[in-house]
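Per this note's numbering, the very first residue in the sequence shown carries number 158; after that it's consecutive. What follows is a short report on a single structure.
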Amino acid sequence: MKVVMVNGSRRENGCTHTALTEIAKVLQENGIETEEYFIGERAMNGQMNEAVKQVADAMKTADGFIVGSPVYYASPSGEVIAFLDRLFGAAETDLRFKPGACITSARRGGTTATLDVLNKYFLYNQMPLVSSRYWNMVHGSNPEEVRKDEEGMQIMQTLGTNMAWILKSIEAGKQAGVEQPQAKQKVFTNFIR
Ligand SMILES: Cc1cc2nc3c(=O)[nH]c(=O)nc-3n(C[C@H](O)[C@H](O)[C@H](O)COP(=O)(O)O)c2cc1C
158 MKVVMVNGSR RENGCTHTAL TEIAKVLQEN GIETEEYFIG ERAMNGQMNE AVKQVADAMK
218 TADGFIVGSP VYYASPSGEV IAFLDRLFGA AETDLRFKPG ACITSARRGG TTATLDVLNK
278 YFLYNQMPLV SSRYWNMVHG SNPEEVRKDE EGMQIMQTLG TNMAWILKSI EAGKQAGVEQ
338 PQAKQKVFTN FIR
C-alpha cells in the first residue's frame, strides 16, 4: 500500500516537510510506503503541468493522499491552492474513495481556516477524511521549533496510525468482498429550474 503526500510549502525541508515526515515514519512502521512530492515554485513558474502530472500519475497506484501546507496570511499557500485546483480536475477518479488528510504548519494563527479550505477538496470528491486527536496542525518557524511542539508531533503520529488503520480496514473489506461504491453520473443544475 502507498500514501502520496504533497508538500505545499515554498521550503522543501521546512516545517511542513517535518510534519509530513512524522506521519510517514508511522505509516512506514505499518508497512505502508510513502512518497512526498514538493510542489514549490513549480506551481507559479510555468511548470505546473509537470507537477500535476507527476502527482496524478502517482495517485493511479496510491491508496491514500495527504496534503500539507504552511499558513500564509491565514490561508493555505497560493502554491498549494493553485496545485489542488488543477490536481482535483486531472486526477478526480484516481483520488475518489481514497482516504485523505490535510495538515498545516504555522508560526501562530490561521490554522483552522487553512484546514477548512484544504478539507473541502476531499469532501467534494467522496474521499473519507482521516482525523487525529486534535486539528492537524504543528507550530513553528523552522523544523527545530516544530520538533519541539510535542503536541503537534503527537497529532501527526496519531494521524499516521489512523491512516494506516483505515487503509488496512479498506483492504480487509476488499478481501472480504466489500465493493467500492460506484460513482454516479453527476447532476449539475446550476440553480436553474
Ligand atoms: C508569506 C507568508 C505568510 C505567512 N502567514 C502566516 C500567518 O498568517 N500565520 C502564521 O501563524 N504564520 C504565517 N507564516 C509563517 C509560516 O506559516 C510558518 O513559519 C510555517 O511553519 C512555515 O512552514 P514551511 O517551513 O513548511 O514553509 C507565514 C509565512 C509566509 C512566508
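We treat Cβ as the ideally placed atom computed from N, Cα and C, and that holds for glycine. This structure is a prediction, so every number in the text was calculated from the model and none was measured.
- Out of Glu186, Met313, Lys210, the CA that lies nearest to the CA of threonine 175 is found in Met313.
- For lysine 182, the enclosing alpha helix (DSSP H) stretches over residues 172–186.
- About 5 Å separates the Cβ atoms of valine 224 and cysteine 259, confirming a contact at the 8 Å cut-off.
- Annotation for cysteine 172 indicates a beta carbon within 7 Å of some heavy atom of ligand 1.
- DSSP places phenylalanine 245 in the uninterrupted alpha helix (DSSP H) bounded by 235–247.
- Annotation: tyrosine 291 is outside any alpha helix (DSSP H) and is labelled neither H nor E by DSSP.
- Here lysine 325 carries a helix assignment [DSSP, helix/strand/coil].
- With a cutoff of 7 Å, arginine 304 does not count as near ligand 1, since its C-beta is closer than that to no heavy atom of the ligand.
- Note on phenylalanine 240: 16 or more other CB atoms within 10 angstroms of its CB, so buried under the neighbour-count rule.
- DSSP places methionine 162 in the strand class (E or B) of the three-state scheme.
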